[in-house]
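Below you'll find the structure, written out as structure tokens, and then a few comments.
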Amino acid sequence: MDRVVNFYAKLPRGSAPEVKPTGLIGRYQARYFGKNPSAAPLAHAIGGILILGYSMEYYFHLRHHKNHPH
Numbered sequence: 164m165d166r167v168v169n170f171y172a173k174l175p176r177g178s179a180p181e182v183k184p185t186g187l188i189g190r191y192q193a194r195y196f197g198k199n200p201s202a203a204p205l206a207h208a209i210g211g212i213l214i215l216g217y218s219m220e221y222y223f224h225l226r227h228h229k230n231h232p233h
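So for the sequence shown, our numbering puts the first residue at 164; every next one is plus one.
If you want it as structure tokens, here you go:
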């Protein structure tokens, strides 16, 4: 029984320290979805969709009309 008591006596007391997020996604989630959530991810998603949509439109259609308008 002394071994069990000694084992538990050596364990840290109190709450565990807060773990810092690592990686790009972890830091993004901690910043925008953490303690103070915001609507910025919605704006980021809308901006990303607009950029992706325009780049696809340019690649598949607009680049052919760059020097030859119809």
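Yeah, the Cβ is synthetic: ideal placement off N, Cα and C, and Gly gets one too.
Everything numeric in this text was worked out from a predicted model, so none of it was measured.
Would you kindly work out how many angstroms separate the C-alpha atoms of Y195 and L225, rounded to a whole number? Indexing the sequence shown from 1 puts residue 195 at position 32. Indexing the sequence shown from 1 puts residue 225 at position 62. Cα to Cα, Y195 sits roughly 36 angstroms from L225.
DSSP state of S218, grouped into three classes? As a first step, residue 218 is located in the sequence shown; it is residue number 55 there, counting from the start. Reduced to three states, the DSSP call for S218 is helix.
The alpha helix (DSSP H) with V167 in it runs from where to where? Position 4 of the sequence shown holds residue 167. First-last of the alpha helix (DSSP H) with V167: D165 to K173.
Three-state class that DSSP yields for H224 in the structure shown: Locating residue 224 in the sequence shown gives position 61, counting from the first residue. Of the three classes helix, strand and coil, the one that applies to H224 here is coil, per DSSP.
What's the gap between the Cα of H228 and the Cα of S201? Working through the sequence shown from its first residue, we reach residue 228 at position 65. Working through the sequence shown from its first residue, we reach residue 201 at position 38. C-alpha separation (whole angstroms): 41 angstroms.
If you reduce the DSSP assignment to three classes, tell me which class A203 lands in. The residue labelled residue 203 in the question sits at position 40 within the sequence shown. Helix, per DSSP.
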